[in-house]
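Engineer:
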Amino acid sequence: MEILETKLMKGNEALAEAAIQAKCDAYFGYPITPQSEVLEYLSREMTVRGGVVLQAESEVASINMIYGAAGAGARVMTTSSSPGISLMQEGLSYIASAQLPCLIVNVNRGGPGLGTIQPSQGDYFQSTKGGGHGDYRLIVLAPNSVQEMADFVFLGFELADKYRNPVLILSDGAIGQMMEKVVFYKRDVVKPEKSWATTGKHPHRERNIITSLFIQPEKMEQVNLSLLKKYKEIEANEVRYEEVNAKDAEFLLVAYGLSSRISHKVVDLARHKGLKLGLLRPITLYPFPTKRIEELVPQLKGAMTVEMNAGQMVEDVRLAVNGKIPVTHYGRMGGIIPSPEEVLEKVEEFISNI
Amino acid sequence: MNEEKLEQQNTVTEEEEFELIYERPVHLTETRLHYCPGCGHSTAHKLIAEVVHELGIVTKTIGVAPVGCAVFAYDYLNIDMQEAAHGRACAVATGIKRVLPDKYVFTYQGDGDLAAIGIAETIHAVNRGENILIIFINNAIYGMTSGQMAPTTLPGMKTTTSPYGRDTSSMGMPLKMCELIAPLKGAFYVTRQAVHTATNVRKARKAILNGLKYQTLGKGTCFIEIISNCPSNWKMTPVQTIDFIEKDMIPYYPLGDVKVPKPEDLKQ
Numbered sequence: 097m098e099i100l101e102t103k104l105m106k107g108n109e110a111l112a113e114a115a116i117q118a119k120c121d122a123y124f125g126y127p128i129t130p131q132s133e134v135l136e137y138l139s140r141e142m143t144v145r146g147g148v149v150l151q152a153e154s155e156v157a158s159i160n161m162i163y164g165a166a167g168a169g170a171r172v173m174t175t176s177s178s179p180g181i182s183l184m185q186e187g188l189s190y191i192a193s194a195q196l197p198c199l200i201v202n203v204n205r206g207g208p209g210l211g212t213i214q215p216s217q218g219d220y221f222q223s224t225k226g227g228g229h230g231d232y233r234l235i236v237l238a239p240n241s242v243q244e245m246a247d248f249v250f251l252g253f254e255l256a257d258k259y260r261n262p263v264l265i266l267s268d269g270a271i272g273q274m275m276e277k278v279v280f281y282k283r284d285v286v287k288p289e290k291s292w293a294t295t296g297k298h299p300h301r302e303r304n305i306i307t308s309l310f311i312q313p314e315k316m317e318q319v320n321l322s323l324l325k326k327y328k329e330i331e332a333n334e335v336r337y338e339e340v341n342a343k344d345a346e347f348l349l350v351a352y353g354l355s356s357r358i359s360h361k362v363v364d365l366a367r368h369k370g371l372k373l374g375l376l377r378p379i380t381l382y383p384f385p386t387k388r389i390e391e392l393v394p395q396l397k398g399a400m401t402v403e404m405n406a407g408q409m410v411e412d413v414r415l416a417v418n419g420k421i422p423v424t425h426y427g428r429m430g431g432i433i434p435s436p437e438e439v440l441e442k443v444e445e446f447i448s449n450i
Numbered sequence: 054m055n056e057e058k059l060e061q062q063n064t065v066t067e068e069e070e071f072e073l074i075y076e077r078p079v080h081l082t083e084t085r086l087h088y089c090p091g092c093g094h095s096t097a098h099k100l101i102a103e104v105v106h107e108l109g110i111v112t113k114t115i116g117v118a119p120v121g122c123a124v125f126a127y128d129y130l131n132i133d134m135q136e137a138a139h140g141r142a143c144a145v146a147t148g149i150k151r152v153l154p155d156k157y158v159f160t161y162q163g164d165g166d167l168a169a170i171g172i173a174e175t176i177h178a179v180n181r182g183e184n185i186l187i188i189f190i191n192n193a194i195y196g197m198t199s200g201q202m203a204p205t206t207l208p209g210m211k212t213t214t215s216p217y218g219r220d221t222s223s224m225g226m227p228l229k230m231c232e233l234i235a236p237l238k239g240a241f242y243v244t245r246q247a248v249h250t251a252t253n254v255r256k257a258r259k260a261i262l263n264g265l266k267y268q269t270l271g272k273g274t275c276f277i278e279i280i281s282n283c284p285s286n287w288k289m290t291p292v293q294t295i296d297f298i299e300k301d302m303i304p305y306y307p308l309g310d311v312k313v314p315k316p317e318d319l320k321q
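Read top to bottom, the protein sequences are chains E and S.
In the numbering used here, each number is its position in the first sequence, counted from 1, plus 96.
In the numbering used here, each number is its position in the second sequence, counted from 1, plus 53.
Below, the structure written as structure tokens:
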């Protein structure tokens, strides 16, 4: 791809710039640390370069503005951080049911409650298991660099349109706030026709209705089944992951986002010591790389997730491993980022106890 | 009258000539309304369908339905529509209008939806002067959930959650939404209408017509409150509800324009 420009940017700003380049039509947001730069950047840039930017009265309002604008056929995005994302869960459930493509970004901070503004991965459950009420899934992308904060915006919009499903970028306060080199490429951004959108009823078609209400049980179940079918398709086609020294690994770290950056370093340190440690980094948290973990199990003696939470993704790894090898978790909370040395010590402790 | 005679009376013979004076509005679907007999919602739906037809704007109109009795409004209005979460219609309408500024966007909301759970979205949409039409059906009760107290329930009025009557010392006074939002600069046209008499229906129709027409000016929000009735949950016959509207509702919620555009405001 032809390079457009190379810049030093904050993760939040790179994401905002990518949204403009991805031809996002409208952005609705509400200030919350550590993601307010997105709203600020877009208020400054997108309003001038073309596009709707609106600071809503709450996250509840912004997610419902997303519902309306997405239902009207626009390419739309909102961003927030953990408490704000909690407020959006009702809207997300409606959006998932009404099958509206849109991009949601969570720059995860520490919780529960008002918590801390420091980085955390405590929203894994909420992000990957639905979050709001009812049976639904978001496609969840987990960037681990400023570059991916930008790249996943393009991918996110593409997947949202492909499956008519909300896509969540699950980042964290560190990736959002840190500055790194980011390359913007010249891309051919294509926005599909949306014949289902409510744009005004023309005589040649039936009226379009955006709804999540299916009051007859039989109809509701049909909708549930068709959503399930879509999720199976997503699980079959959209699993993305990255590996570091996994092919010959006897012990496996599983980590995403910021933790995967730390874990990469842990693998380097371990290999230097002669430990056959590898890393599997899920890029899509939903769909989860369950199959790849299953494939690796025969060569493994144990697996450990490294997460900045009390142990959430570890449950998905345990499901994939299905009791065949020991699985453990190491995590720090409260906005504390573990050091590679600290993690390595835990890995060695784990191995010695197997 | 026995059935045979009734049938004879209702049978139209070919020789007879009739003048068509009323028919189903073009933009109402054939679907049978689920509203209780005597309920004002059906009349309000009809008026919207008629006005959209009169203005010839169906290809440019998007409606937003609420949660409440009108949750199925899109089953009856043959118009592109979105069904919003409870209270969020004004936020949904904002989203639609901001990306489709040349279209006509309206919300249709009840008192629980607009004045309780959705009051923040309502006030902020009006305060931003969103160029949308908000149609607010005030029947002083939660109809869909079968008769609980609404923010608009009258003082002393009995509901299933104010079984001894609304005690304003602990439950507050009913909200007068028109008067609450009219002072906001973003409110362009604010009026309170009713649909319980033929005269009021005509006035309400005119208000909806203006509310949609003004949208092309891009000068702010139009807000039309419609005082309506709820025979089932007021535990009254439809005829009794008309009396209640006249004697109890209208004295508290006076009908008429609360804010009208000045002649110079009506210029493009």
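We put the CB at the ideal spot given by N, CA and C, even for glycine.
Can you name the residues that DSSP bridges to Asn191(S)?
Structural biologist: Its beta-bridge partners are Ile280(S).
Engineer: In whole angstroms, give me the CA-to-CA distance for Ser132(E) and Val201(E).
Structural biologist: Whole-angstrom Cα-Cα distance: 12 Å.
Engineer: Identify every run of the beta strand (DSSP E) within the segment 126 to 170 of chain S, keeping only runs that are complete inside it and at least 3 residues long; order them along the chain.
Structural biologist: Fully enclosed beta strand (DSSP E) runs of 3 or longer: 133 to 136, 157 to 163.
Engineer: Would DSSP call Thr174(E) helix, strand or coil?
Structural biologist: Three-state DSSP puts Thr174(E) in a strand.
Engineer: Taking Cβ to Cβ, would you say Gly398(E) is nearer than 8 Å to Ile433(E)?
Structural biologist: It is not a contact, given that the beta carbons lie outside the stated cut-off.
Engineer: Hey, Arg151(S) and Ala157(E) are a contact pair by Cβ (cut 8 Å); roughly how many whole angstroms apart?
Structural biologist: So it is not a contact: roughly 12 Å between Cβ atoms.
Engineer: Use the C-beta contact count for Ala406(E): other C-beta atoms within 10 angstroms, 16 or more gives buried, fewer gives exposed.
Structural biologist: It counts as exposed.
Engineer: Tell me the residue span of the beta strand (DSSP E) that contains Leu458(E).
Structural biologist: Residue coverage of chain E in this structure runs from 97 to 450, which leaves residue 458(E) outside it and unanswerable.
Engineer: Does Lys290(E) get closer than 8 Å to chain S when you measure Cβ to Cβ?
Structural biologist: For Lys290(E), the answer is no, since every Cβ of chain S falls outside 8 Å of its Cβ.
Engineer: From the DSSP output, in three-state form, read off Lys312(S) for me.
Structural biologist: Lys312(S): strand per DSSP, three-state reduction.
Engineer: If you draw a straight line from the alpha carbon of Val172(E) to that of Tyr123(E), how long is it in whole angstroms?
Structural biologist: Answer to the nearest angstrom: the Cα atoms are 6 Å apart.
Engineer: Go through its chain and collect everything with a Cβ distance to Met54(S)'s Cβ below 6 Å, but skip five positions before and after it.
Structural biologist: At Met54(S) the pLDDT is 46, less than 50, meaning the model places this residue with poor confidence and gives no usable figure here.
Engineer: Thinking just about the alpha-carbon of each residue, which of Leu381(E), Val362(E), Pro383(E), Lys387(E) is nearest to the one in Leu375(E)?
Structural biologist: It is Val362(E) whose Cα lies nearest to the Cα of Leu375(E).
Engineer: Per DSSP, what are the beta-bridge partners of His106(S) in this structure?
Structural biologist: Answer by DSSP bridge pairing: none, since His106(S) is not bridged.
Engineer: Would you report the Cα separation of Glu72(S) and Ala247(S), rounded to the nearest angstrom?
Structural biologist: The straight-line gap from Cα to Cα measures roughly 29 Å.
Engineer: Taking C-beta to C-beta, are Thr206(S) and Ile194(S) nearer than 8 Å?
Structural biologist: The answer is yes: Cβ separation under 8 Å.
Engineer: Express the C-alpha separation of Leu237(E) and Tyr161(S) in angstroms, rounding to a whole number.
Structural biologist: Roughly 37 Å between the two C-alpha positions.
Engineer: Taking 8 Å as the cut-off, decide whether the C-beta atoms of Asn131(S) and Ser199(S) are in contact.
Structural biologist: No, the pair does not count as a contact, with Cβ atoms beyond the cut-off.
Engineer: Residues of chain E with a CB under 8 Å from the CB of Val111(S): which are they?
Structural biologist: By Cβ distance, chain E contributes Gly296, Lys297.
Engineer: By the 9 Å beta-carbon criterion, what residues does the segment 138 to 169 of chain E contribute toward chain S?
Structural biologist: Those would be Val148, Leu150, Ala152, Glu153, Ser154, Val156, Ala157, Ser158, Ile159, Asn160, Met161, Ile162, Tyr163, Gly164, Ala165, Ala166, Gly167, Ala168, Gly169, in chain order.
Engineer: Closer than 7 Å, Cβ to Cβ, to anything on chain E: give me those residues from the segment 135 to 157 of chain S, in chain order.
Structural biologist: Those would be Gln135, Glu136, Ala137, Ala138, Arg141, Ala144, Val145, Ala146, Thr147, Gly148, Ile149, Arg151, Val152, Leu153, Lys156, in chain order.
Engineer: Please look up how many angstroms separate the CB atoms of Tyr242(S) and Lys312(S), rounded, as I've assumed it's under 8 Å.
Structural biologist: Right, the Cβ-Cβ distance comes to about 6 Å (below 8 Å), so this counts as a contact.
Engineer: Nearest-angstrom Cα distance between Thr112(S) and Val158(S)?
Structural biologist: Looking at the two C-alpha atoms, the distance is approximately 12 Å.
Engineer: Across the segment 143 to 162 of chain E and the segment 167 to 180 of chain S, are there enough close Cβ pairs to call them in contact, namely three or more that are closer than 8 Å?
Structural biologist: Counting Cβ pairs under 8 Å, three or more are found: they touch.
Engineer: Have a look at Glu390(E) and Val423(E) and give me their C-alpha separation to the nearest angstrom.
Structural biologist: In a straight line, the C-alpha of Glu390(E) is about 13 Å away from that of Val423(E).
Engineer: Identify whether Leu245(S) lies in helix, strand or coil by the three-state DSSP scheme.
Structural biologist: The sequence shown places Arg at residue 245(S), not Leu. Strand.
Engineer: Can you give the Cα-Cα distance for Thr405(S) and Lys99(S), rounded to whole angstroms?
Structural biologist: Not covered by the structure: residue 405(S). The range shown for chain S is 54 to 321.
Engineer: So, for Ile421(E): in the same chain, excluding its five sequence neighbours on each side, which residues have a beta-carbon less than 7 Å away from its beta-carbon?
Structural biologist: Val393, Leu396, Lys397, Gly398, Ala399, listed in sequence order.
Engineer: Counting along the chain, where does the beta strand (DSSP E) carrying Lys103(E) start and finish?
Structural biologist: Per DSSP, Lys103(E) belongs to the beta strand (DSSP E) from 99 to 106.
Engineer: Thr290(S) versus chain E: which residues are under 7 Å apart at the beta carbon?
Structural biologist: Under the 7 Å cutoff, chain E gives no residues; its nearest Cβ is about 28 Å from Thr290(S).
Engineer: Ile188(S) touches chain E at which residues, Cβ-Cβ below 7 Å?
Structural biologist: Going along chain E, no residue has its Cβ under 7 Å from Ile188(S), so there is no contact; the nearest lies around 16 Å.
Engineer: Within the 8 Å Cβ cut-off, does Ile132(S) reach chain E?
Structural biologist: Yes, Ile132(S) counts as interfacial toward chain E.
Engineer: In whole angstroms, what is the alpha-carbon distance linking Pro314(S) and Lys272(S)?
Structural biologist: Distance between the alpha carbons of Pro314(S) and Lys272(S): 10 Å.
Engineer: Cβ closer than 8 Å: which chain E residues qualify as neighbours of Thr114(S)?
Structural biologist: In chain order: Gly296, Lys297.
Engineer: Quick one: which chain E residues come within Cβ less than 9 Å of Ala173(S)?
Structural biologist: Residues of chain E passing the Cβ test: Glu153, Ser154, Val156, Ala157.
Engineer: Which class does Met54(S) belong to by DSSP, given the choice of helix, strand or coil?
Structural biologist: Unreliable placement is indicated for Met54(S), whose pLDDT of 46 sits below 50; the coordinate value is still reported in the next sentence. It is coil, neither helix nor strand.
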